[in-house]
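If you're matching them up, the sequences are chains A and B in order. Residue 309 in this note's numbering sits at position 114 of the first sequence, with consecutive numbering throughout. Residue 87 in this note's numbering sits at position 70 of the second sequence, with consecutive numbering throughout. Backbone N, C-alpha and C define an ideal beta-carbon position, used for all residues, glycine too. Below: the structure, in structure tokens.
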Amino acid sequence: MRTFLTVFFKEILDNLRDRRTLTSALIMGPIFGPVLFAFVINMSIDRALDDAESSMELPVVGQQYAPNLMRFLESRNIDIIEGPDDPDGAADAVKTGVHDVVLVVPEAFGEQLSDTIPARVELYSDEANSQGEKEARRARNALYAYNQQLASIRLSARGINPRVLSPINVDEIDVSTPSGRSAILLGMMSYFFIFALLMGGMYLAIDTTAGERERGSLEPLLSLPVTRGQLILGKILAACVFMAASLLLSLMSFYVVLKFMPLEQLGMTPNFGLPVVALAFLLLLPFILLGASLMTLVASFTKSYKEAQTWLSAVLIAPTLPILVVSILTLRPQIEFMFVPSLSQHLILVDMVKNEPLNGLHIAISVCSTLAIGALLTWVCARLYRREGLLG
Amino acid sequence: MIKVDRIHKSFGKVHAVRGVSFEAPDGKITGLLGPNGAGKSTTLRVLYTVLKPDQGHASIDGADVVEDSLAARKNIGALPHGAGLYPHLTARENIAYYANLCALDKSEIDDRVSSIIALLEIEDFADRRTKGFSQGQRTKVALARALVHDPQNVILDEPTNGLDVMATRSLRRLILKLKDAGRCVLFSSHVMQEVAALCDDICIIANGQVAIDDSIDGIRQRTGQDDLEEAFVAAIQLVEGEA
Chain A
196 MRTFLTVFFK EILDNLRDRR TLTSALIMGP IFGPVLFAFV INMSIDRALD DAESSMELPV
256 VGQQYAPNLM RFLESRNIDI IEGPDDPDGA ADAVKTGVHD VVLVVPEAFG EQLSDTIPAR
316 VELYSDEANS QGEKEARRAR NALYAYNQQL ASIRLSARGI NPRVLSPINV DEIDVSTPSG
376 RSAILLGMMS YFFIFALLMG GMYLAIDTTA GERERGSLEP LLSLPVTRGQ LILGKILAAC
436 VFMAASLLLS LMSFYVVLKF MPLEQLGMTP NFGLPVVALA FLLLLPFILL GASLMTLVAS
496 FTKSYKEAQT WLSAVLIAPT LPILVVSILT LRPQIEFMFV PSLSQHLILV DMVKNEPLNG
556 LHIAISVCST LAIGALLTWV CARLYRREGL LG
Chain B
18 MIKVDRIHKS FGKVHAVRGV SFEAPDGKIT GLLGPNGAGK STTLRVLYTV LKPDQGHASI
78 DGADVVEDSL AARKNIGALP HGAGLYPHLT ARENIAYYAN LCALDKSEID DRVSSIIALL
138 EIEDFADRRT KGFSQGQRTK VALARALVHD PQNVILDEPT NGLDVMATRS LRRLILKLKD
198 AGRCVLFSSH VMQEVAALCD DICIIANGQV AIDDSIDGIR QRTGQDDLEE AFVAAIQLVE
258 GEA
């Protein structure tokens, strides 16, 4: 017990003095997620506001042939600007990205309209360009509305109720709650927590295996009258403490970021108060043992500090895979998923943020299976630490 | 008291140690001498229990290094070749860490660490972090660390490598002090003069085998060479001639 504690406290002290460990555990991990998150959310808010309120500019070729249409478009907050000189120029302008979308009104437009022949206009856009696609959609919608309006006027002029043109009225009702909508965007949050947690212990895991070996401090350590199991346990526990600190900081920084984000503007009110922060911390705690032992295990197979860094970067990404698969297939939480670490934590966290009732059985399975796998990996680490190959 | 009985050790296809036997008694300095790659380090690593021999036995004060390795380690102070320190800890903290791991009494640790620091004359840099220490400073701290629990058997793998004349001399004085205190000192080197200056017994190893295990005078007689360096070369040729 004393050996174990001695190793533990030495590793804590040693790593608190190591700028690289501190940066990755207490700054990189906890800050990276929230900053990226704030950036993405801000962008979505900007774009959402863009759609509704801001005016858009629409270059038009041949404005003089359709003065009424131009007035109609301007009434829909679309500013008409001078387009290229001719239709060929319009296609080029869109291709080269000078304009996202260009409307061309041919000379015959007025004549066709008065002859009740469907009057032709051309809308140039680039479907491969998402910004252009949005503007084209808006222009198209405005043109349909004008079309609709003219049709109604023509029917009315012939004594027919324009409503005969709308036999069906589709009314869409969105049942998602503001908390539910948040889950889509906040779904990536759980990965940031796992990422921060792993970052927190990464350098300790390297230092206690490949690092000790490269420095030449492993051999004298192993020649002391202590059992290797106690050494590795002390080291893994020290990594766990750094991971827990990193996780807590990450949760707190998300809490602060979400407080200052105008999420209501996106119709979201995530359930992420302090009680949820505390619950999320407890939920992710079992993952810490798994993360620490997994990283120690991987690092103990590597030959050098550099090689360990390369492999552990892969370990940082691994927990995303199950989350990604489930997100792409949009699977709902099932009991089988709760046996998969990282996925179970993700699904339960999403439910928490959605403010849905939590499934106690799911939580119990998640905690137990993650702890069991962590304990197994720790045992494997202790076994490996007894190998001669450890010395490299 | 260190006993080595016909140990073998291979790494893959390389048969590094082929039946090495010798004894290092208490109160004497035993030198393990041999050219680079002769199997000295491998033999010593078996003794401080980080490697397991493929065949044969070795014991420290009667404790087998494989069967009872924890007991064997209790009585060893080992300075492996190129031993590293923890750069973020001070020299004193490095030494105290080992004192704690060796389960010294808490109340004794500070005194014990201070006295070993005085013994090795490292007071000047004892409270500096070891990052950036010179090779000589590092070796002294590593040695202090290995001796902090006052072990009966001291195993030093090429301890004078990279040390200047002054540091080498103070290390020699320390080794002699250990001998006078009745300790068993076993150290390896590839420099004949160094071994000759200190050792009571010399075990010359070449090609993973013991060429000669005798006192300095015995080696001179058996090789028929008066000059030590010539004696060393002659002894090595004995083994390599057979191979």
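- For CYS201(B) against ALA41(B), the beta-carbon gap comes to about 5 Å, under 8 Å, which counts as contact.
- Boundaries of the alpha helix (DSSP H) harbouring THR59(B): 57-64, taken from the DSSP string.
- In terms of beta-carbon proximity, ARG90(B) lines the interface with chain A, with at least one pair separated by less than 9 Å.
- The beta carbon of LEU255(B) sits closer than 6 Å to those of ALA228, all from its chain and outside the five residues before and after it, given in chain order.
- Per DSSP, the continuous alpha helix (DSSP H) segment holding ARG333(A) begins and ends at 325-352.
- Look at the stretch 41-129 of chain B and you find these whole runs of alpha helix (DSSP H), each 4 residues long or longer: 57-64, 86-91, 108-118.
- Beta-bridge pairing by DSSP links GLU551(A) to no other residue.
- Apart from the 5 residues on each side of it in sequence, ALA405(A) sits with its Cβ closer than 8 Å to the Cβ of ALA494, SER495, THR497, LYS498, SER499, TYR500, GLU502, ALA503 in its chain, given in chain order.
- With contacts defined as CB atoms closer than 9 Å, PHE532(A) and VAL521(A) qualify as a contacting pair.
- Within the stretch 165-246 of chain B, the runs of alpha helix (DSSP H) that reach at least 4 residues and sit entirely inside it are, in chain order, 182-197, 209-215, 233-240.
- Contact note: THR201(A) reaches chain B through TYR114, ASN117, LEU118, using a C-beta cutoff of 8 Å and chain order.
- Taking the C-beta atoms as reference points, LEU160(B) is found nearer than 9 Å to LEU188(B).
- Interface with chain B (9 Å Cβ-Cβ cutoff): ARG212(A) is included.
- Spatial neighbours of LEU195(B) in its own chain (CB-CB distance under 7 Å, excluding positions within 5 residues in sequence) are listed in chain order as VAL171, VAL202.
- Using a Cβ-Cβ distance cut-off of 8 Å, the stretch 430-437 of chain A and the stretch 249-256 of chain A are not in contact, since fewer than three pairs of beta carbons, one from each stretch, lie closer than that value.
- Look at ARG410(A): its C-beta is under 9 Å from a C-beta on chain B.
- Taking a contact as a CB-CB distance under 8 Å, the pair ASP546(A) and HIS105(B) does not count as one, their CB atoms being some 43 Å apart.
- Residue state for VAL293(A) is assigned as coil, using DSSP reduced to three classes.
- With the rule of 3 Cβ pairs closer than 8 Å, the stretch 66-78 of chain B does not count as touching the stretch 208-225 of chain B.
- Scanning chain A for C-beta atoms nearer than 7 Å to the C-beta of GLY149(B) yields nothing, as the closest lies near 14 Å away.
- Inclusion of MET209(B) and ALA251(B) in the CB contact set at 9 Å is not warranted, their separation being larger than that value.
- Secondary structure at PRO262(A): helix, using DSSP grouped into helix, strand and coil.
- Between the stretch 141-158 of chain B and the stretch 73-80 of chain B, the count of C-beta pairs closer than 8 Å stays below three; the two stretches do not touch.
- DSSP, reduced to helix, strand and coil, places GLY36(B) within a strand of the structure shown.
- Shown here, PHE534(A) sits in a helix according to DSSP, grouped into three states.
- In this structure, the alpha-carbon of THR47(B) lies about 6 Å from that of PHE204(B).
- Put simply, of ASN364(A), LEU544(A), ARG410(A) the residue whose alpha carbon is nearest the alpha carbon of MET384(A) is LEU544(A).
- From the listed residues LYS91(B), GLY44(B), PRO52(B), VAL34(B), the smallest Cα separation to LEU417(A) is found for LYS91(B).
- Residue contact check for LEU188(B) against chain A: no CB pair falls below 9 Å.
- Listed in chain order, the non-local C-beta contacts of SER270(A) below 7 Å within the same chain number zero, local neighbours out to five positions each way being set aside.
- Against chain A, the CB of VAL171(B) has no partner CB under 9 Å away; the residue lies outside that interface.
- Those residues of the stretch 67-87 of chain B placed with their C-beta closer than 7 Å to a C-beta in chain A are VAL67, LEU68, LYS69, LEU87, ordered along the chain.
- Looking at the DSSP output, HIS25(B) shares a beta bridge with ARG35(B), GLN72(B).
- Counting along the chain, ILE273(A) sits inside the beta strand (DSSP E) bounded by residues 273-277.
- Classified as exposed, MET238(A) has fewer than 16 neighbouring CB atoms from the shown chains inside 10 Å of its CB.
- Against ALA252(B), chain A offers no close residue; the least beta-carbon distance is about 29 Å (beta-carbon pairs closer than 8 Å).
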